[in-house]
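Protein chains in written order, with this note's numbering: chain A, 21 to 591; chain B, 21 to 591.
Read the structure below first, then the notes.
There are 2 protein chains.
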Amino acid sequence: MKDLIDCAMKRQPCDLVLKNARIFNVFTGETEYGEIAVKNGRIAAVGAGYCGRIEYDCKGAFALPGFIESHVHVESSMLSPEEFARLVLPRGTTTVIADPHEIVNVCGIAGAEYLREAFARVPLDVFLQLPSCVPATPFETGGARIDGERTATELAKDTFFGLGEMMNYPAVLAGEEDCLLKLASANSCGKPIDGHAPALSGEALCAYAACGIATDHESLTAAECREKAARGMYVQLRVGSSANHLRETAKAVDPFNCRRFLLCSDDKNARDLQTRGHMDDALRQLVVCGVSSGQAVCTATLNAAECYGLKDRGAIAPGRIADIVLAEDLNRFEVRAVFKRGKIVAEDGKTMFSVSQSVPDCVRDTVKIQDVCADRFRIPVKSGKVRALQVRPHGLVTDEIVLSVPCGDDLHLQGTDLNKLAVIERHRASGNIGLGLVKGYGLHGAALAITVSHDSHHLVVIGDDNARMARAAMLLKEAGGGMAFVSSEREEVFPLDVAGLMSSAPAEEVIARTETLDALARGAGVKDCYEPFMTLAFLSLAVIPKLKLTDRGLVDVEKFAFVPLEVTEEI
Amino acid sequence: MKDLIDCAMKRQPCDLVLKNARIFNVFTGETEYGEIAVKNGRIAAVGAGYCGRIEYDCKGAFALPGFIESHVHVESSMLSPEEFARLVLPRGTTTVIADPHEIVNVCGIAGAEYLREAFARVPLDVFLQLPSCVPATPFETGGARIDGERTATELAKDTFFGLGEMMNYPAVLAGEEDCLLKLASANSCGKPIDGHAPALSGEALCAYAACGIATDHESLTAAECREKAARGMYVQLRVGSSANHLRETAKAVDPFNCRRFLLCSDDKNARDLQTRGHMDDALRQLVVCGVSSGQAVCTATLNAAECYGLKDRGAIAPGRIADIVLAEDLNRFEVRAVFKRGKIVAEDGKTMFSVSQSVPDCVRDTVKIQDVCADRFRIPVKSGKVRALQVRPHGLVTDEIVLSVPCGDDLHLQGTDLNKLAVIERHRASGNIGLGLVKGYGLHGAALAITVSHDSHHLVVIGDDNARMARAAMLLKEAGGGMAFVSSEREEVFPLDVAGLMSSAPAEEVIARTETLDALARGAGVKDCYEPFMTLAFLSLAVIPKLKLTDRGLVDVEKFAFVPLEVTEEI
């Protein structure tokens, strides 16, 4: 503190002085031309006439506080933490609130520990939430289980920043004991609780907010955003790879309520991070949607800092951590340089630090399945009537379709618009395989397989031929997880060596390999309205209507119950 | 939590439902017509169709969150905590951040304990800051001493909410070790630090803010407010009995920066609290100054809650404490009823709770002085030149005047415009008496004495006759502190039985008795531009320029040194 005072008072030279900056002030909305004086990673002063051991000429660029990503599942990038950091830091992101929901569902707390250790090697501050829904539903064989007691124990330690998005809102509204214990433990430690309340409104929204759940990122309309803000929740405007309703949700922002809005990406893939950007992209889009530049900057800085009680950041002001982004302007937010704790970490899109990756054993070799032969994919039909799921275009919601099919020992799909879908339990090699049918996916003469499948991340296979499906599954068993394509001409595998979810390869390779696989799947007929592998990854998420498949069978999400593949009763 | 959910979902009746309210939403700035459902002292829901064991018809009144007073020295009201609460609760104040700077300077930590216990008996939440400047200056014999080590020990406990206003900004800027230890201990416990930075600007303001000092209430101009806000401080707009620059400072508030502004009274006497009000008065004045009603309400509610990390209040929203004010409108803020934690505590200006006062021994009989005779007030003069202090009209700043006077064993004041001023050490009966001269106060043929004298609260006497001054001092010794008037015709004493600072009498009596004493003093000639007793109470505060008197002698505040009463060198 003495050093900061001495530097501010010019009795001591600073470590770094940013000169000739247009410093945007998130408290006043004004821009001051001047200098930012930095000592020991903190901002000592904003002013003029400072000298430092390093003096950086900003050449009139805008200086903004480092961006805060308020809610993301890093695993969705399929990148290692180190590679994720390498992509987002040059985009101006210096702080991330991450919910390691995916890897914890596979590896338990050890998965979060891995992320924590990996992020500690890069100049990015990542605050990890303890996932609140492990497993996400009672319909699947989870890789891990974190109940209320365990949640209380973990939150009492310093390791987790807060409680991750409480997706199980039905349990909250029903007042289920184990769920309330999780919420109460976060509240009693004064730790933030993230929410997930799609379309919740009125009494239900009040009940949900009354539990101290502070945020929500699921709003699709301006009215939904406004109601959540009115009930005291922070609204996280989501700019993700698939989910992006900013054109609607941004309409909710006005000068009075804007302090209650944050930005998040939730799920963003490596390609989008590489080509479009991260928080810089979200800011750009927000301004295009008509939000003023000043208000937009606050959503990615001060507002997020306030929401999460991070008093040490979110502004360029004395005493705060020197996380600073230099941008060309306040419309396109093209990032010229990024400083993290007073050290330059990126310039002109390139990172300026090196890091050696390390993947511990606890997150490797996590795909444990029994050998599967083609016969395991047989679907015998007795009644002549089966239910199939059909995915709505450009979305994750499915409809249930009932079809008449020939009876027999197996259902042959050649010449139909159907694919077989299998979810193979992959945590305990239990041999569980859930089987179902998908209508209209378009895949012909090939099988796709992936070990990313929300939220328990079993091995999902789709295809129209039992042998190719078995082959695809076995390829992923050998690879320790990943993505596979199998046709009569070609076999292609991209291993996801970290928990079967993420690759330790460089981002460029992850992007290229996933593009290759997507292209092969498209070549085999997958329709344009679907993401060949990523749509697949959500077909076992039994919290989104209507019909989903887990390793234990088909789930009718609305009835919240298993249903058989064959339709025997009247429906 | 289960109860709150069940009430919000209408599965259980509420404890209280406020019906037909115009509910002002501090998040959106909008007003909703509807109901507030309350359970276990918390808000379960905002909506319609709720039923409760008690249903209160608001008849269309505006419902606002309970007001938060962000910085006050309760002792300045001269009221006991219970009586203070009785005056401010009907005005809508439900939460107070109090700095017990006065009583702790007299009684040490025990003084704060007394306040804490007394406030626990009334339905008002008072968060006590640990005073940071005890004693305030090195020039006086303090009643207590709290150094950096002690500060660290006290802040590590749960008892104090944060660190009280750091008035010793020269020590901060100089980086004095003991001072920085206080700041660092508050920061390391994550507790808020209040500031006091009159006219601080530029580098000095940066240095001060860099220490994590979060607030300031000393700004006199809009420019000063704006600069403090820009450096990340919360600006507390002060509406006190003497200090009120709202007409200037309110100009600083705009729609972008308004979230950084709070309201406080700092020092407000009982009469003003009774006749003008408290936070309701501040709100009324703020709106008159041109700040929108919505922004104004936020300064007294959400903004203060955010500043101090009080996530459980500051808004009418699910999960928050049910502190609710019903007001006729959003311009005059006439308070109709006040609910504290879901219970009605005031209606139409009357409190609806009873409380029995209790004053513990530790804050009684605190005025310890030796017997003083008239001779102790003799001022022998050798040089023929003395310095006198002259108080600027309507203020606390003094100027130093040098006067030629006759030499002799004592200075006789009859026929002059001078009074004698004495500061009698009153904590240890040391016999210390500081003597000085005041020009232009106007007092003739009488002596005034008071044991409120910032910040060490010695016994201050002013008069033009040694015998009457001695008599006034002895009357206060007998009374255990208070205010005294002595003339040849009349003796009047109002005891301040609590630490010599506050009275345990009802507010109405405190107001009447102080008015009587003021009237007597006016009758004895005290000029209209001074508050007869209160101006006196600041003549020993050696942090305000220019010449002040402590029990150890005259202090030149600008030179930060003692000076003799007689002028011997050339000046």
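Beta carbons are placed, not taken as given, at the ideal position from N, Cα and C, and that holds for glycine.
ask   = Expressed to the nearest angstrom, what Euclidean distance is found between the alpha-carbon atoms of I591/A and V259/A?
value = As a position in the first sequence, residue 591/A is number 571, starting the count at 1. As a position in the first sequence, residue 259/A is number 239, starting the count at 1. Annotation note: pLDDT 48 at I591/A (below 50); position unreliable, no value reported.
key: A204/A versus R170/A, L225/A, G222/A, residue with shortest Cα-Cα distance   = Within the first sequence, the letter at position 184 stands for residue 204/A. When only C-alpha atoms are compared, the closest one is R170/A.
query = Which same chain residues, not among the five before or five after D576/A, have their C-beta less than 8 Å away from its C-beta?
reply = For the purposes of this step, residue 576/A is taken as the residue at position 556 of the first sequence. E420, K566, L567, F582, V583, listed in sequence order.
task = Using beta-carbon positions only, say whether V255/A and A229/A come within less than 9 Å of one another.
result = By 1-based counting over the first sequence, the position of residue 255/A is 235. By 1-based counting over the first sequence, the position of residue 229/A is 209. Not a contact, by the Cβ cut-off of 9 Å.
ask   = From G252/A to N40/A, what does the alpha carbon distance come to, in whole angstroms?
value = Your numbering for residue 252/A matches position 232 in the first sequence. Your numbering for residue 40/A matches position 20 in the first sequence. Taking the straight line joining both Cα atoms gives about 40 Å.
query = Alpha carbon to alpha carbon, what distance is there between L468/B and D548/B?
reply = Counting from 1 along the second sequence, the entry for residue 548/B is found at position 528. Counting from 1 along the second sequence, the entry for residue 468/B is found at position 448. For D548/B and L468/B, the distance between alpha carbons rounds to 16 Å.
key: Amino acids of chain B, ordered along the chain, whose beta-carbon sits closer than 8 Å to that of G435/A   = Working through the first sequence from its first residue, we reach residue 435/A at position 415. Simply none; closest approach about 51 Å.
query = Taking C-beta to C-beta, are G67/A and E223/B nearer than 9 Å?
reply = Against the first sequence, residue 67/A aligns to sequence position 47. Against the second sequence, residue 223/B aligns to sequence position 203. Taking 9 Å as the Cβ cut-off, G67/A and E223/B qualify as a contacting pair.
inquiry  = Here's the rule I'm using: 16 or more other beta-carbon atoms within 10 Å means buried, otherwise exposed. How should K370/A be labelled?
reply    = Taking the first residue of the first sequence as position 1, residue 370/A is located at position 350. With fewer than 16 Cβ atoms within 10 Å of its Cβ, K370/A is classed as exposed.
query = Where P413/B and Y550/B are concerned, what is the direct C-alpha to C-alpha distance, given to the nearest angstrom?
reply = For the purposes of this step, residue 413/B is taken as residue 393 along the second sequence, with counting starting at 1. For the purposes of this step, residue 550/B is taken as residue 530 along the second sequence, with counting starting at 1. Cα to Cα, the separation comes out at about 6 Å.
ask   = Since Y189/B is in the alpha helix (DSSP H), which residue starts that stretch and which ends it?
value = Mapped onto the second sequence, residue 189/B falls at position 169. Looking at the DSSP string, the run of the alpha helix (DSSP H) that includes Y189/B is 189 to 194.
query = Closest by CA to P552/B, which one among R448/B, S560/B, L540/B, L561/B?
reply = Position 532 of the second sequence, counted from the first residue, corresponds to residue 552/B. Minimum Cα distance to P552/B is reached at L540/B.
ask   = Whose CA, out of L457/A, M299/A, I564/A, lies closest to the CA of D430/A?
value = Here residue 430/A refers to the residue found at position 410 of the first sequence. When each option's Cα is compared against that of D430/A, the closest is L457/A.
task = Check each residue of the segment 234 to 262 of chain B: if its Cβ is closer than 9 Å to any Cβ of chain A, include it; give the result in chain order.
result = A234, R246, A249, A250, R251, G252, M253
request  = Mind checking which residues open and close the beta strand (DSSP E) that includes Q32/B?
outcome  = As a first step, residue 32/B is located in the second sequence; it is residue number 12 there, counting from the start. First-last for Q32/B: undefined, no H or E at that position.
request  = Using a threshold of 9 Å, state whether the C-beta atoms of T113/B and F87/B are closer than that.
outcome  = Sequence index remark: in the second sequence, residue 113/B carries index 93 (1-based). Sequence index remark: in the second sequence, residue 87/B carries index 67 (1-based). In contact: T113/B and F87/B (Cβ atoms closer than 9 Å).
key: Residues sharing a beta bridge with T371/A, DSSP   = Against the first sequence, residue 371/A aligns to sequence position 351. Its beta-bridge partners are A366/A.
key: Residue ranges of each beta strand (DSSP E) within the segment 210 to 242 of chain A, 3 or longer   = 213 to 215
Reduced DSSP category for D381/B - H, G, I as helix; E, B as strand; rest coil = What you label residue 381/B is simply residue 361 of the second sequence in a count that begins at 1. In the structure shown, the three-state DSSP call for D381/B is helix.
inquiry  = Can you confirm whether K22/B, when its beta carbon is compared against all beta carbons of chain A, has any partner nearer than 9 Å?
reply    = As a working mapping, residue 22/B is identified with position 2 in the second sequence. At least one chain A Cβ lies under 9 Å of K22/B.
inquiry  = What does DSSP give as the partner residue(s) for V58/B in the beta ladder?
reply    = The residue you call residue 58/B lines up with position 38 of the second sequence. BP columns for V58/B point to L36/B, I63/B.
inquiry  = Any contact between the segment 117 to 137 of chain A and the segment 178 to 189 of chain A? By contact I mean 3 or more CB pairs, one from each, below 8 Å.
reply    = Touching, yes.
request  = Put P151/A into one of helix, strand or coil per three-state DSSP.
outcome  = Residue mapping note: residue 151/A aligns to position 131 of the first sequence, counting from 1. Three-state result, P151/A: coil.
ask   = Could you give the distance in angstroms between the alpha-carbon of A562/A and the alpha-carbon of E55/A?
value = Working through the first sequence from its first residue, we reach residue 562/A at position 542. Working through the first sequence from its first residue, we reach residue 55/A at position 35. Approximately 53 Å, taken between the alpha carbons.
ask   = For the alpha helix (DSSP H) that contains A101/A, what are its first and last residues?
value = One-based indexing of the first sequence puts residue 101/A at position 81. Sequence inspection shows Pro at residue 101/A; the Ala mentioned does not correspond to that position. From DSSP, the alpha helix (DSSP H) with P101/A extends over 101 to 108.
ask   = Can you tell me whether DSSP reads K440/B as helix, strand or coil?
value = Against the second sequence, residue 440/B aligns to sequence position 420. Of the three classes helix, strand and coil, the one that applies to K440/B here is strand, per DSSP.
request  = Would you please verify whether the beta carbon of I591/A is less than 9 Å from any beta carbon of chain B?
outcome  = Within the first sequence, residue 591/A is the residue found at index 571, counting from 1. With a pLDDT of 48 at I591/A, under the threshold of 50, the predicted position of this residue should be treated as unreliable, though the coordinate-derived value follows. Not one chain B Cβ lies under 9 Å of I591/A.
key: Through-space distance from G500/B to E528/B, alpha-carbon basis   = In the second sequence, residue 528/B corresponds to position 508, counting from 1. In the second sequence, residue 500/B corresponds to position 480, counting from 1. The straight-line gap from Cα to Cα measures roughly 21 Å.
ask   = Taking Cβ-Cβ distances below 7 Å as the criterion, which residues of the segment 266 to 289 of chain B are in contact with chain A?
value = P275, F276, N277, R279, R280
Listed by chain order, chain B residues near D26/A by CB distance under 7 Å = Your numbering for residue 26/A matches position 6 in the first sequence. Neighbours of D26/A on chain B, chain order: G195.
inquiry  = Please report whether the beta-carbon of L99/B lies at a distance below 9 Å from any beta-carbon of chain A.
reply    = Within the second sequence, the letter at position 79 stands for residue 99/B. No, L99/B lies away from the interface with chain A (no Cβ there is under 9 Å from its Cβ).
ask   = Who does D419/A pair with in a DSSP beta bridge?
value = The count along the first sequence starts at 1 and reaches residue 419/A at position 399. The partner list for D419/A (beta bridge, DSSP) reads Q410/A.
query = In whole angstroms, what separates the C-alpha of L293/A from that of F104/A?
reply = Residue mapping note: residue 293/A aligns to position 273 of the first sequence, counting from 1. Residue mapping note: residue 104/A aligns to position 84 of the first sequence, counting from 1. Cα-Cα distance, rounded: 9 Å.
inquiry  = Between which residues of its own chain and A132/A is the CB-CB distance below 6 Å, once the five residues before and five after are set aside?
reply    = For the purposes of this step, residue 132/A is identified with residue 112 of the first sequence, where counting begins at 1. Counting only Cβ-Cβ distances below 6 Å, and skipping sequence neighbours, we find P120, V124, L148.
ask   = Is it right to say D167/A is buried, meaning 16 or more other beta carbons lie within 10 angstroms of its own, or is it exposed?
value = Against the first sequence, residue 167/A aligns to sequence position 147. Per the 10 Å Cβ criterion, exposed.
message = Which residues in chain A have a C-beta closer than 9 Å to the C-beta of V375/B? List them in chain order.
response = As a first step, residue 375/B is located in the second sequence; it is residue number 355 there, counting from the start. Result: empty, since nearest Cβ-Cβ is about 30 Å, beyond 9 Å.
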